[in-house]
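Just so you know, the protein sequences line up as chains A and B, in that order. Everything in the first sequence is counted per this note's numbering, starting at 613 for the first residue and increasing by one. Everything in the second sequence is counted per this note's numbering, starting at 613 for the first residue and increasing by one.
2 protein chains.
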Amino acid sequence: MNASGGRRAAGGGSAPPAPPAPPAPAALAAKVRTLAPSMTRSMQRVAEAVAGDPAGCAALTVTGLAELTGTSEATVVRTARLLGYPGYRDLRLALAGLAAQQQSGRAPAITTDIAVDDPIADVVAKLAYDEQQTLADTAAGLDTVQLGAAVAALAAARRTDVYGIGASNLVAQDLTQKMLRIGLIAHAPGDPHLAVTNAVQLQAGDVAVAITHSGSTGDVIEPLRVAFERGATTIAVTGRPDSSVTQYADHVLTTSTARESELRPAAMSSRTSQLLVVDCLFVGVAQRIYESAAPALAASYEALAHRHGALRGVAGDRRA
Amino acid sequence: MNASGGRRAAGGGSAPPAPPAPPAPAALAAKVRTLAPSMTRSMQRVAEAVAGDPAGCAALTVTGLAELTGTSEATVVRTARLLGYPGYRDLRLALAGLAAQQQSGRAPAITTDIAVDDPIADVVAKLAYDEQQTLADTAAGLDTVQLGAAVAALAAARRTDVYGIGASNLVAQDLTQKMLRIGLIAHAPGDPHLAVTNAVQLQAGDVAVAITHSGSTGDVIEPLRVAFERGATTIAVTGRPDSSVTQYADHVLTTSTARESELRPAAMSSRTSQLLVVDCLFVGVAQRIYESAAPALAASYEALAHRHGALRGVAGDRRA
DNA sequence: GTCACTCATGAAAGATATTTTCGTTTCGGT
DNA sequence: ACCGAAACGAAAATATCTTTCATGAGTGAC
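Structure (structure tokens):
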């Protein structure tokens, strides 16, 4: 599946089909949302039923669930596989666990969407709840193995490029800023042409990170492809683990895909999700190179202190 | 943890004590103890294994559990029956649920700070937890009156400037991008000098937003001051409602201040908090000018669609 | 428009797992 | 030592899950 002939003997290995996928306990709803777009109609029906009523589905046999969703046993099993389980039996087990959890966890909350006439207080509550949900989903769905590998690559990189366009570019810049703070060299070109120009300069040992929710943003895929072919280690942060961008990614980090609506563009929760991933990368890297990161962090901290209250020292300026 | 406090007038039916025969969800261990005396030796071994390691047993088949306990399948089934389940299959399901429950109950242990030697999985959990906490705090602490006023000002503004430096600049850009998407004119100058230059152009009816966690970042205060003096409506998004920046702010929106540490710079949670505020502003504004925002949103969505997969339509790209 | 092709889909065969049956073993009582 | 009842497990019977395979719908090429 990898273009450009199988390079890269060891390391990341095949990620997209998720063979080392750790069965998700609570991350199921998130996983369903993430994978739904890549599902066929029948599978979506099954996934929907499963996500909608875990408890009820856990009580059903393959045949029962197939009948309920108007599909066949084969489809049910296929769906279970896609969700990362060896078979329906294991999905069912996870389902039972999930049901028990949400029974005790008292989960049901503000599920309703934001309406045009919602009072401002409701908007705040709903947005906060949604973003919290997104964080939980993302954390639950993150493949720590891939994350670990990505961290290792970043920590050892000579230089790192982070590609992102639009809202994702802000996330890319966020990562870049953080890395610079711990003494690592990183760039987040905002211009697609610049990105490609940058990518050409990469070589083995360097790292390229692509951040795209859809996974099919050409302007982001292109530089990643170039970096990939140049021999750099490539990382994709995307909400679609089966999208084009993963072709050129050694490591794929999946962000969660929350439902969106007119007043709540997808960009909102995908951004939250991406930022969490980026934070994880950063903290992971900081841990790895702690010896050199700590002084660098302190230094940049110190340097910034002078900018605070420097122009006008009006109110009390404090420093704990 | 269980709702043993007898409320529930009708409907629910008595489940917790399970006197008749409804399979016990979490009360399994207790049931094992109660029923143990009436069990035969082999059955006791099975029951013991089950009560001792629900998670482990849930992963086993009848045969597996029989082998583990040195008994036969028949005995396992008999034990399951004695415990109140129709058969082993259902016991197993309950076991999975129990395992999930006690696993999630173990969660709130992540209150501790991130350590240098934390495994990557812990880092993910802790970061997610912290950011969730930050969101909750921010939502709780937001003054909806101030927020409403800010929204009104933004919705009516001829143009809006958003000032932010460093990490806060990313938040500023985020707000700017969103506003542009619904047809409002906004800028987020990254350069302090540019910011001031911009601010000078503002007049009554325009809006200036300053985003600064510390509230004492001179480079951000300065343009806000200029805008303020020019007669523009000014909004401050800060974690310090008593800091210098609020001097020149008509409306102050307070972000939450979470504890930070070496591996978790303040920038991380303040960013999360700021983004939530910014999202609230955006949604609030979008509601207010819905008539014109909706088409604009649709238009920008449409325009972007072409950029996805445009350069290389490699993998299957689908759209339901 | 037609053709070839791919892919989703379900029916049914095949493989496992669970439940039942039934004969053997164990143990207590006399 | 002998009898009877209960416990127990081996294996048959059944249910459940998984795989295979043929079919048809949709899609792109010509």
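Beta carbons: idealized from backbone N, C-alpha and C, even for Gly.
For the stretch 762-775 of chain A, list every residue whose C-beta sits within 9 Å of some C-beta in chain B, in sequence order.
Val763
Taking the straight line between their C-alpha atoms, what separation do you get for Gly753/B and Ile794/A?
Position 141 of the second sequence, counting from 1, holds the residue named residue 753/B. Position 182 of the first sequence, counting from 1, holds the residue named residue 794/A. Using only the alpha carbons, I get a separation of about 32 Å.
Using the Cβ count rule (16 or more neighbours within 10 Å means buried), how would you classify Arg645/B?
Position 33 of the second sequence holds residue 645/B. Counting Cβ neighbours within 10 Å, Arg645/B comes out exposed, since fewer than 16 surround it.
What are the start and end residues of the alpha helix (DSSP H) that includes Ile833/B?
If you number the second sequence from 1, residue 833/B lands on position 221. First-last of the alpha helix (DSSP H) with Ile833/B: 830-842.
Please confirm whether Tyr697/A has its beta-carbon closer than 7 Å to some beta-carbon of chain B.
Residue mapping note: residue 697/A aligns to position 85 of the first sequence, counting from 1. False, the Cβ-Cβ gap to chain B never drops below 7 Å.
Note down, in chain order, each residue of its chain lying with its Cβ closer than 7 Å to the Cβ of Ser684/B, except the 5 sequence neighbours on either side.
Walking along the second sequence from the start, residue 684/B turns up at place 72. Contacts found: Ala678.
Can you find the residues in the same chain that come closer than 8 Å, C-beta to C-beta, to Gly760/A, ignoring five residues on each side of it along the sequence?
Residue numbering aside, residue 760/A sits at position 148 when the first sequence is read from its first letter. Around Gly760/A: Gly896.
Chain B within 7 Å of Glu743/A, Cβ atoms only:
Counting from one through the first sequence, the residue named residue 743/A turns up at place 131. So yes, Glu743/A belongs to the interface.
How would you list, in chain order, the residues of chain A whose beta-carbon sits under 7 Å from the beta-carbon of Leu782/B?
To locate residue 782/B, count along the second sequence from 1; it is residue 170. Near Leu782/B (Cβ distances below 7 Å), the residues of chain A are Leu782, Gln785, Asp786.
Helix, strand or coil, according to DSSP, for Leu796/A in the structure here?
Taking the first residue of the first sequence as position 1, residue 796/A is located at position 184. Coil, per DSSP.
My output table needs one value for Ala633/B: the three-state DSSP class, helix, strand or coil.
Here residue 633/B is taken as the residue at index 21 of the second sequence, counted from 1. The pLDDT assigned to Ala633/B is 39, lower than 50, so where the model puts this residue is not dependable, and the model offers no usable value.
In terms of residues, what are the limits of the alpha helix (DSSP H) holding Tyr741/B?
Your numbering for residue 741/B matches position 129 in the second sequence. From DSSP, the alpha helix (DSSP H) with Tyr741/B extends over 732-753.
What are the residues that DSSP puts in a beta bridge with Asp773/B?
By 1-based counting over the second sequence, the position of residue 773/B is 161. Answer is His799/B, Ala820/B, bridged to Asp773/B.
Considering only the beta carbon of each residue, do Ala816/B and Gly843/B sit closer than 7 Å?
In the second sequence, residue 816/B corresponds to position 204, counting from 1. In the second sequence, residue 843/B corresponds to position 231, counting from 1. Yes, Cβ-Cβ distance for Ala816/B and Gly843/B is below 7 Å.
To the nearest angstrom, how far is the alpha carbon of Arg690/B from that of Ala898/A?
In the second sequence, residue 690/B corresponds to position 78, counting from 1. In the first sequence, residue 898/A corresponds to position 286, counting from 1. Their Cα atoms are separated by approximately 55 Å.
Output yes or no for whether 7 Å exceeds the beta carbon distance between Leu887/B and Gln758/B.
Walking along the second sequence from the start, residue 887/B turns up at place 275. Walking along the second sequence from the start, residue 758/B turns up at place 146. Contact: no.
Proximity test, Cβ basis, 7 Å: Ala659/A and chain B
Counting from one through the first sequence, the residue named residue 659/A turns up at place 47. No, no contact with chain B.
Residues of chain A with a CB under 7 Å from the CB of Thr756/B: which are they?
The sequence position of residue 756/B within the second sequence is 144, counting from 1. The answer, in chain order, is Ile732, Ala733, Val736.
Which residue wins for smallest C-alpha separation from His825/A, given the options Ala784/A, Ala737/A, His799/A, Ala764/A?
Numbered from its first residue, the first sequence carries residue 825/A at position 213. Answer by Cα proximity: Ala784/A.
Beta-carbon proximity of Val889/A to Thr858/A, cut-off 7 Å
As a position in the first sequence, residue 889/A is number 277, starting the count at 1. As a position in the first sequence, residue 858/A is number 246, starting the count at 1. No.
Three-state secondary structure assigned by DSSP to Ala861/A
To locate residue 861/A, count along the first sequence from 1; it is residue 249. It is coil, neither helix nor strand.
Using the C-alpha atoms, what's the distance from Ala820/A back to Leu796/A?
Taking the first sequence and counting its residues from 1, one reaches residue 796/A at position 184. Taking the first sequence and counting its residues from 1, one reaches residue 820/A at position 208. Approximately 13 Å, taken between the alpha carbons.
Please name the residues in the stretch 882-904 of chain B whose beta-carbon is closer than 8 Å to at least one beta-carbon of chain A, in chain order.
Arg883, Thr884, Leu887, Leu888, Asp891, Cys892, Val895, Gly896, Ala898, Gln899, Tyr902
Nearest-angstrom Cβ-Cβ length linking Leu640/B and Leu710/B, presumed shorter than 8 Å
Within the second sequence, the letter at position 28 stands for residue 640/B. Within the second sequence, the letter at position 98 stands for residue 710/B. Indeed, because the Cβ distance is near 6 Å, the residues count as touching under 8 Å.
Is there a Cβ of chain A sitting closer than 7 Å to that of Met880/B, yes or no?
Within the second sequence, numbered from 1, the residue matching residue 880/B stands at position 268. Chain A, which has a Cβ nearer than 7 Å to the Cβ of Met880/B, makes this yes.
Return yes when at least one heavy atom of the ligand SAM lies under 6 Å from the C-beta of Gly668/A, else no.
This structure does not include the ligand SAM; it has no bound ligands of any sort.
Does Leu672/B have its Cβ less than 7 Å from a Cβ in chain A?
Along the second sequence, read from residue 1 onward, the residue named residue 672/B stands at position 60. Chain A, which has no Cβ nearer than 7 Å to the Cβ of Leu672/B, makes this no.
By the 10 Å Cβ neighbour count, where 16 or more other Cβ atoms means buried, how is Leu806/A classified, buried or exposed?
Taking the first residue of the first sequence as 1, we reach residue 806/A at position 194. Leu806/A comes out exposed.
Limits of the unbroken beta strand (DSSP E) element including Ala848/A:
On the first sequence, position 236 is the one that residue 848/A refers to. Ala848/A -> beta strand (DSSP E) spans 845-850.
Buried or exposed: where does Pro635/B fall if 16 or more other Cβ atoms within 10 Å of its Cβ makes it buried?
As a working note, residue 635/B is residue 23 in the second sequence. Bear in mind that the predicted position of Pro635/B carries a pLDDT of just 46, short of 50, making it too unreliable to give a figure here.
If I measure Cβ to Cβ from Ala848/A and keep anything under 6 Å in the same chain, skipping five residues before and after, which residues do I get?
For the purposes of this step, residue 848/A is identified with residue 236 of the first sequence, where counting begins at 1. Correct list, in chain order: Ala822, Val857, Thr858, Ala861, Val864.
Could you check the C-alpha separation between Ile726/B and Ala908/B for me, to the nearest Å?
Looking up residue 726/B in the second sequence gives position 114. Looking up residue 908/B in the second sequence gives position 296. For Ile726/B and Ala908/B, the distance between alpha carbons rounds to 43 Å.
Classify Pro835/A: buried if its beta carbon has 16 or more other beta carbons within 10 angstroms, exposed otherwise.
Taking the first sequence and counting its residues from 1, one reaches residue 835/A at position 223. Pro835/A should be labelled buried.
Where do the N-terminal and C-terminal ends of the alpha helix (DSSP H) with His805/A fall, by residue?
As a first step, residue 805/A is located in the first sequence; it is residue number 193 there, counting from the start. Looking at the DSSP string, the run of the alpha helix (DSSP H) that includes His805/A is 804-812.
Where does Thr866/B sit, in a helix, a strand or coil, going by DSSP?
For this step, residue 866/B is matched to residue 254 along the second sequence. In the structure shown, Thr866/B sits in a strand (DSSP, three-state: E or B).
Once you ignore the five residues that flank Gly802/B on each side, which residues in its own chain have a CB closer than 7 Å to its CB?
Sequence index remark: in the second sequence, residue 802/B carries index 190 (1-based). So the qualifying residues of the chain are Asn781.
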